[in-house]
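Chemist:
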Amino acid sequence: MGYVVGDLFGVEAKIFRISFSGELAYEINVQSDHGLFMWEKIMEVGKEFNIQPYGTEALSTLRIEMGHVAGPELDGRTIPYDVSLEGLISNKKDFIGKRSLSRAAFNNKERQKIVGLVPVDRKSSIPEGSHLVKDKDAQLPNPKLGHVSSSCWSVENNNPFSLAIIKDGKNMIGQKLYALSPLKNTAIEVEVISSHYVDHEGTRVRS
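If you read the sequence shown in the numbering used here, its first letter stands for residue 2, the second for the next number, and so on.
1. Verify whether the separation of the beta carbon atoms of G7 and I19 is less than 8 angstroms.
2. Which one of S33, N30 and V193 has the shortest CA to CA distance from V121?
3. In this structure, how does DSSP classify L37 when only helix, strand and coil are distinguished?
4. Count the other C-beta atoms from every protein chain shown that fall within 10 angstroms of the C-beta of L63, then say buried if there are 16 or more, exposed otherwise.
5. Shortest alpha-carbon distance to V31 belongs to which of A14, H148 and P144?
6. Find out if the Cβ-Cβ distance for the pair K1, G170 is shorter than 8 angstroms.
7. List the DSSP bridge partners of Y82.
8. Under a three-way DSSP split, which group does K124 fall into?
9. Alpha carbon to alpha carbon, what distance is there between S150 and N159?
10. Please classify L89: does DSSP put it in a helix, a strand, or coil?
Have a look at this one:
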């Protein structure tokens, strides 16, 4: 992440290197009076690079494919360790919440962790909010291992992909579960994979 103030097309602009998708991205802030002018200039100079505008739905798909967490994963119940953000935590410096993170419950090896899911048939969409279980025919109450937080159609891989938070997630990679959705009345067999379905090494955002 970076930030500079400069002159862009004769307009004072604040430029942020910040990504909400996992792709290399920049955010440009100008006074509202210059918004349309700035948009038109960027689209004009971007023609030779085949620039394409995109909206929030495309943004959501990009971030899910990259395993880039957002609101559905950061739901108030997860901690940095659960969603692969432990690299942002200092083991030496103090910060708000450090004492809480040292509690036994937050260091349980079987805590729910973020993973990726693909349908075994590579075509069935996995409803968000689906419960993840080992046996779709088990008697109630069927032990719930976790839930599906976000789903999309992966354009790069041409099949559905989801992010999920499941118990002991990292050790579940390669296993098959069922995603049960009472609202959709579906039971979809899924395979647990890495949460990074595209650009596993994260090279794009650092390019």
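The beta-carbon is built from N, C-alpha and C at its ideal position, and this holds for glycine as well.
Modeler: From the atom records:
1. On the sequence shown, position 6 is the one that residue 7 refers to. On the sequence shown, position 18 is the one that residue 19 refers to. No, the Cβ-Cβ distance between G7 and I19 is not below 8 angstroms.
2. Within the sequence shown, the letter at position 120 stands for residue 121. For V121, the nearest C-alpha among the options comes from V193.
3. Here residue 37 is taken as the residue at index 36 of the sequence shown, counted from 1. Helix at L37.
4. Walking along the sequence shown from the start, residue 63 turns up at place 62. With 16 or more Cβ atoms within 10 Å of its Cβ, L63 is classed as buried.
5. In the sequence shown, the residue the question calls residue 31 occupies position 30. Of the candidates A14, H148 and P144, the one whose C-alpha sits nearest the C-alpha of V31 is A14.
6. It is not possible to answer for residue 1, since the shown part of the chain is limited to 2 through 208.
7. Position 81 of the sequence shown, counting from 1, holds the residue named residue 82. Answer by DSSP bridge pairing: none, since Y82 is not bridged.
8. Within the sequence shown, numbered from 1, the residue matching residue 124 stands at position 123. Here K124 sits in coil by DSSP.
9. Residue numbering aside, residue 159 sits at position 158 when the sequence shown is read from its first letter. Residue numbering aside, residue 150 sits at position 149 when the sequence shown is read from its first letter. Cα to Cα, the separation comes out at about 20 angstroms.
10. As a position in the sequence shown, residue 89 is number 88, starting the count at 1. In this structure, L89 counts as helix in the three-state DSSP scheme.
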